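Colleague: In our numbering, the protein residues as written are 5 to 339.
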Amino acid sequence: MSSSNETHNSDEGQNIEEIDDEEAGKYDRNESYAEETLPRQSLSREIISECISMPYRLGYGFSHAFIKLDCSDRRLSDIEILRSYIHLRFVILTGNFITDITPVSHIGHLIYLKADNNQIERVDCLNKLRFLQYLDLSGNKLTTINDLKLPFLQHLKVNENAIETLNPTGYGIPPEQFPALATLELRSNRLTSFEGIGALTTLTSLYCAENSLRDTSGLSKLTGLVRLHARDNRISRLNGITPAMSGLEYLNLRGNRISSFRAVKVLSVLPSLKVLNLLLVVTSGNVLLKLDLQHQIIHLATSTSCPQMRTKNIVDTSVLFPLLVRFTQVENMAC
């Protein structure tokens, strides 16, 4: 296949999976496919004939092959037959009972694989797919991604697995494992830190909501980040945010444990920040400060001894950060 055609197909695959920043990685899991009473079946030629599409000309002759297979929600437990379908470029196996993904590794020119909501525990066999650009393994039983090595992978989704660390060996994820990775989705795993992610300097989008992350240390080397979605964790410190992250435009910290304006003030070093989603309530003496940056408004409820405090509308971060300096002082003063 020519590189131009592969690029075109890659773009098509990426368009299928547009990301909403607020809902990135969130799954509305359809439990019907997982009912044990439903019979499981092996993938057969008959099923494939119903699921295959997208004819593609092979080389410069008149031969054609179908390059897209969508077998979503087919109650599949055995996909051994896929070893023979070497012309496929797009494979979708969402919502089945698959435990062994090895047969897919024989499809040497695969560029798009969606195998979410299955029962897969190991995926190191996929390292044979050197042209793979998009991989979705969300809703499986993975405990690590450190055994993957995919040189052209651009988008990796492993939401809703059992990943506890990105640093199981103490050496982190080396850059040669994912040298082209731009988007990494890790929502609803068991992560407690970002340790081990620092070498993935090609990342532009990182989605890690609904984990148990305690701080942002480990992110300082991700200087290419544009979006960081870390909602609903246990983050109390922003010690990994540095001026080197000059391209960061979107930051979601809502639902964490940040409890002081001093902690938020560190974000003033981010020159490109346009969207900051954070709800922060601080009580200092008889001053209650509620900062809701999703709706761009600061509410200040105070006693009559602090009449200078009032509600302020925040239109952009250029207005926000000077106010944070003032509110840091308010935290420490006794009205």
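Just so you know, even glycine gets a beta-carbon here, dropped at the ideal spot from N, CA and C.
All figures in this text were calculated on a predicted structure; none of them were measured in a lab.
(1) Do you know offhand how far N237's Cα is from S197's?
(2) Taking the alpha-carbon positions, what's the A186 to Q158 distance?
(3) Name the residue from A203, S81 and G228 whose alpha carbon lies nearest to the alpha carbon of G251.
(4) So A166 and N193 are supposed to be a Cβ contact under 8 angstroms. How far apart are they, rounded?
(5) In the DSSP output, which residue or residues are listed as bridge partners for F70?
(6) Verify whether the separation of the beta carbon atoms of V162 and L190 is less than 9 angstroms.
(7) Measure the Cβ-Cβ separation of L80 and L47 and say whether it is below 9 angstroms.
(8) By Cβ distance below 8 angstroms, which residues in the same chain neighbour L195 in space, the five residues on each side in sequence not counted?
(9) If you reduce the DSSP assignment to three classes, tell me which class C310 lands in.
(10) Report all residues from its chain with a CB closer than 6 angstroms to the CB of D140; omit the five preceding and five following residues, and keep chain order.
(11) If distances are taken between C-alpha atoms only, which option among E164, I201, P183 and L154 comes closest to T173?
(12) Tell whether a beta-carbon distance below 9 angstroms holds between K97 and I111.
(13) Let me check understanding here. Comparing Cα to Cα, which of S53, Q123, R78 and L255 lies closest to L42?
(14) State buried or exposed for L62, treating a residue as buried only when at least 16 other CB atoms are found within 10 Å of its CB.
(15) Whole angstroms are fine: how far does the CA of S240 sit from the CA of S264?
(16) Between which two residues does the alpha helix (DSSP H) containing V268 stretch?
(17) Going straight from the alpha carbon of V95 to that of Y116, what length do you get?
(18) F70 to M58, Cα distance in whole Å?
(19) Measuring CB to CB, does L188 end up less than 9 angstroms from L210?
(20) Distance check for Q123 and C55, CA to CA, integer angstroms please.
(21) Which partner residues does S240 have in the DSSP bridge list?
(22) Jot down the residue ranges of each uninterrupted beta strand (DSSP E) in the segment 139–198, minimum 3 residues, whole runs only, in chain order.
(23) Taking all protein chains shown into account, do 16 or more other C-beta atoms lie within 10 angstroms of the C-beta of D1, making it buried, or fewer, making it exposed?
(24) Mark Y138 as exposed unless 16 or more other C-beta atoms lie within 10 angstroms of its C-beta, in which case mark it buried.
(25) Just to confirm the assignment, what range does the beta strand (DSSP E) spanning Y254 have?
(26) Closest to C75 by CA distance: which of I90, S67 and E50 is it?
(27) Taking 9 angstroms as the cut-off, decide whether the C-beta atoms of F182 and K153 are in contact.
(28) Can you tell me which of the three DSSP states K225 falls into?
(29) Quickly, what does DSSP pair H233 with across the bridge? List them, please.
(30) Among H233, D104 and K72, which residue has its Cα nearest to the Cα of I83?
(31) Classify S142 as buried or exposed, calling it buried when 16 or more other Cβ atoms lie within 10 Å of its own Cβ.
(32) In the structure shown, what three-state DSSP assignment does I85 receive?
Modeller: Short version:
(1) 10 angstroms
(2) 5 angstroms
(3) G228
(4) 7 angstroms
(5) P59
(6) yes
(7) yes
(8) I167, E168, T169, L170, C212, N215, S216 and L217
(9) Any reading at C310 needs caution, since the residue's pLDDT is 42, under 50, leaving its predicted position unreliable; the model's value is listed next. Looking at C310 - three-state DSSP - the assignment turns out to be coil, as it is neither helix nor strand.
(10) K118, D120 and K161
(11) I201
(12) Just to set this straight, residue 97 is Leu in the shown sequence, not Lys. Cβ distance not < 9 angstroms, so L97 and I111 don't count as in contact.
(13) R78
(14) exposed
(15) 9 angstroms
(16) F265 to K269
(17) 6 angstroms
(18) 5 angstroms
(19) yes
(20) 21 angstroms
(21) Answer is none; S240 lacks a bridge partner.
(22) 159–161 and 187–189
(23) With the chain covering 5 to 339 only, the question about residue 1 has no answer from this structure.
(24) buried
(25) Y254 to N256
(26) E50
(27) yes
(28) coil
(29) Y211 and N256
(30) D104
(31) buried
(32) helix
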